[in-house]
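In this note's numbering, the protein residues as written are 228 to 436. Beta carbons: idealized from backbone N, C-alpha and C, even for Gly.
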């Protein structure tokens, strides 16, 4: 596995390179001071992985810029605090994996190999947090997709929708509009169908949007 190191403190980077190369399967092809230098060198050095010190300034923002300039670059970030926010921030920036700052040297190369082959081990706490993030994002997208179309409403349907937004019940809407409760329920049913909504609250969301 060919590794291009990006390490802010050169002495530390050189020590890490020497330790990594004790494993016969690893070749450290270069040591860069920042990701912009790594972008310039990666075309000629053809690393399998660019290993980034996660404590460097700008962090995730620098990763985004590097991947904009070199989309094929495969970046692994090291020394990561294994919290939900940190892991998500690096993942959104585009890294293919991370190595926690608590990782002992004896496990370092094995984790690199796992990431290179498409695997990532993370703590149960982080895994649960990631699932919550994914579920929240998916639910938000579903709601937006259901409400994105804005079909034409009749005058009475819009009046009904406005009163629903104000929190009125079917009986209260019927009295306000001087119509029967059955007619009110019919308008509500039509609104739910037109807006592809499942709840009255989503009718209110439509009006706010």
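Cβ shell of residue i (< 7 angstroms), same chain only, five flanking positions each side left out
i: residue 406; result: none
Beta-carbon gap between residue i and residue j smaller than 8 angstroms
i: residue 387; j: residue 415; result: yes
i: residue 262; j: residue 234; result: no
i: residue 431; j: residue 392; result: yes
i: residue 332; j: residue 246; result: yes
i: residue 244; j: residue 236; result: no
i: residue 271; j: residue 277; result: no
For residue i, the residue or residues it bridges with in DSSP
i: residue 255; result: 230
i: residue 278; result: 232 and 303
i: residue 326; result: 305
Residue i versus residue j - alpha carbon distance
i: residue 300; j: residue 321; result: 10 angstroms
i: residue 353; j: residue 403; result: 51 angstroms
i: residue 264; j: residue 253; result: 21 angstroms
i: residue 399; j: residue 298; result: 58 angstroms
i: residue 428; j: residue 434; result: 10 angstroms
i: residue 349; j: residue 306; result: 14 angstroms
i: residue 421; j: residue 313; result: 41 angstroms
i: residue 460; j: residue 397; result: The requested residue 460 is not part of the displayed model; the chain covers only 228 to 436.
i: residue 409; j: residue 385; result: 17 angstroms
i: residue 228; j: residue 281; result: 20 angstroms
i: residue 241; j: residue 248; result: 11 angstroms
i: residue 347; j: residue 334; result: 13 angstroms
i: residue 260; j: residue 273; result: 18 angstroms
i: residue 284; j: residue 336; result: 25 angstroms
i: residue 291; j: residue 395; result: 48 angstroms
Residue from the options with nearest C-alpha to residue i
i: residue 302; options: 328, 316, 327 and 275; result: 275
i: residue 279; options: 345, 330 and 231; result: 231
i: residue 287; options: 268, 319 and 309; result: 319
i: residue 328; options: 310, 273 and 340; result: 310
i: residue 342; options: 323, 239 and 330; result: 323
i: residue 250; options: 345, 238, 340 and 401; result: 340
Residues near residue i by beta carbon distance below 6 angstroms, same chain, minus five either side
i: residue 375; result: Low confidence applies to residue 375: its pLDDT is 49, below 50, so where it sits in the model is not reliable, and the reading given next is rough at best. Excluding positions up to five away in sequence, the list is empty.
i: residue 325; result: 304, 307 and 317
i: residue 266; result: 293, 296 and 297
i: residue 289; result: 262
8 angstroms Cβ shell around residue i - same chain, five flanking residues per side excluded
i: residue 418; result: 380, 384, 387, 388, 391, 424 and 430
i: residue 401; result: 407, 408, 410 and 411
Residue i Cβ short of 7 angstroms to the ligand SAM heavy atom set
i: residue 420; result: No copy of the ligand SAM occurs in the structure displayed, which carries no ligand at all.
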